[in-house]
Each structure stands twice: as C-alpha cells, then as structure tokens.
Amino acid sequence: MGGEGRRRGPLLVTAELPPDILAWADGLRRAHYPPDRNRIAAHVTLFHGLPPSAEREIRATLAQAATAHASPRAEIAGIMPLGGGTALKVASLGMVAIHRELADTFHGLLTQQDSHPLVLHITVQNKVTQEAAKRLQNVLRDTLEPRKFAFPGLLLHEYRDGLWDFVQAPRFRGAKGG
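Each residue of the sequence shown is one higher than the one before, starting from 18 at the first, in the numbering used here.
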C-alpha cells in the first residue's frame, strides 16, 4: 500500500461474497450495467469512505471483527429499485450486527453517507433510464429465486481513479477456503 508522494484515496469496506454468488451477481452486472461505467466487480458495500490516515486502525479492527465472528448467513431476498438502476436485496441480520459494531468502533471516522442505516444490496445496474431499470426489475421479479449463502470475510480497498485497489481480506472464523 501506499507510494510516497501520491495522494491516498478513501478506504472502502465490503462484505466478501462467496465465489458462486459473486460469479452470478457479477454476470448480472456485466449484462445490465453500462459497460463504460462498470469498472469494479459486484459487491456489498459496508463503508464507502473511511480516511486513509486511519488505515492501521481500520485493518486491525476488521481483522479483530473477522476473528470474533463466524461467517454471517445471508440470502438474496428480492430486488431493490434504484431509480435509474437495480440492486439485489441482501438479508443478513448477522452482517448488519457486525456493521453496527464496526460503525461504533469507527465513530468519528464515518462520512455522512456511512452514518446512515445500512441497507445491504448488490447493485447490478445503474446509470440507466428508469424504463430500462423497470424492464430488468420485471424480469428479475419473475425469475429471481432466493439464494442462501454465508459471507466468508471482509474486504478492504483503497479507492483510486474510479477503481478499487485491494488492501486486506480478513476471513470470518470458520470460513472455508477462498
């Protein structure tokens, strides 16, 4: 991490998706997200903009949270309209509780966006017309089946030039391979 002299970008924390769910959701994202804007893989964002100056503390906190918790169970629980886009709703009481603990620890570091209540989701379409979004939502409403899974870990990234540079991937206690 870090080269001297370069300005550091904000840090993002996501809930790691298991490979099968990631491949499926990312396939939807590649199919329905405008290609010129789709620069990162499908993901579940927990925090959008933590300060890079707190990286050491953030790394330690994420590692501690991962070792303190078993992999939280989750389910793809429907669709979420985003106006000019579409997301998959993710239900996970365990991940919401872990997020709340992390948010308490990161108090004073959170942006206004990260201070709002967490709504777990995977964006598979954005920056399209409302008509295009409604078409996809109708298709998904008719075809989407609940998918159960467990989050294997947390991921920390640095935001840079519209892309995410990987920083750290602490795994939840008992998480299988990766």
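Don't be surprised by glycine CBs; every beta carbon is placed ideally from N, CA and C.
Taking residue i as part of the beta strand (DSSP E), name the residues at either end of that continuous run.
| i | result |
| --- | --- |
| ILE139 | 138-142 |
| ARG76 | That residue, ARG76, is in no beta strand (DSSP E); its alpha helix (DSSP H) goes 72-85. |
To the nearest whole angstrom, what separates the beta carbons of residue i and residue j, a pair I think is in contact under 8 Å?
| i | j | result |
| --- | --- | --- |
| ALA167 | PRO27 | At roughly 28 Å, the Cβ-Cβ gap does not stay under 8 Å, so ALA167 and PRO27 are not in contact. |
| LEU196 | GLU33 | No answer is possible for residue 196: it lies beyond the span of the chain, which begins at 18 and ends at 195. |
So, at 8 Å on beta carbons, what are the nonlocal neighbours of residue i in its own chain, with the 5 sequence-adjacent residues on each side left out?
| i | result |
| --- | --- |
| GLN7 | Coverage of the chain is limited to positions 18 through 195, which leaves residue 7 absent and any answer about it impossible. |
| LEU119 | VAL30, LEU63, PHE64, THR78, LEU79 and ALA82 |
| LEU39 | ALA58 and ALA59 |
Using only the alpha-carbon positions, how far apart do residue i and residue j sit?
| i | j | result |
| --- | --- | --- |
| ALA59 | ALA80 | 22 Å |
| GLN142 | ALA71 | 32 Å |
| PHE123 | ARG177 | 21 Å |
| GLY20 | LEU67 | With a pLDDT of 48 at GLY20, under the threshold of 50, the predicted position of this residue should be treated as unreliable, though the coordinate-derived value follows. If I take the Cα positions, the gap works out to 19 Å. |
| LEU180 | THR160 | 31 Å |
| GLU175 | THR84 | 22 Å |
| VAL145 | GLY170 | 31 Å |
Taking the continuous alpha helix (DSSP H) assigned at residue i, which residues delimit it?
| i | result |
| --- | --- |
| PRO36 | 36-49 |
Excluding the 5 residues flanking residue i on each side, which residues of the same chain have their C-beta closer than 7 Å to its C-beta?
| i | result |
| --- | --- |
| MET112 | ALA32, PRO89, ALA91, LEU137 and PHE168 |
| HIS116 | LEU63 and LEU135 |
| ALA87 | PHE189, ARG190 and GLY191 |
| ARG46 | ASN55, ALA59 and VAL141 |
Please go through the same chain and pick out, in chain order, the residues whose beta-carbon is closer than 6 Å to the beta-carbon of residue i, but skip the five residues on each side of it.
| i | result |
| --- | --- |
| HIS49 | VAL141, GLN142 and LEU153 |
| LEU25 | Looking at the sequence shown, residue 25 is not Leu but Arg. If we look at ARG25 and ignore the five residues flanking it on each side, its Cβ neighbours are PRO69. |
| GLN130 | HIS65 |
| ALA42 | ALA59 and ILE139 |
| ALA108 | GLU92 and ALA94 |
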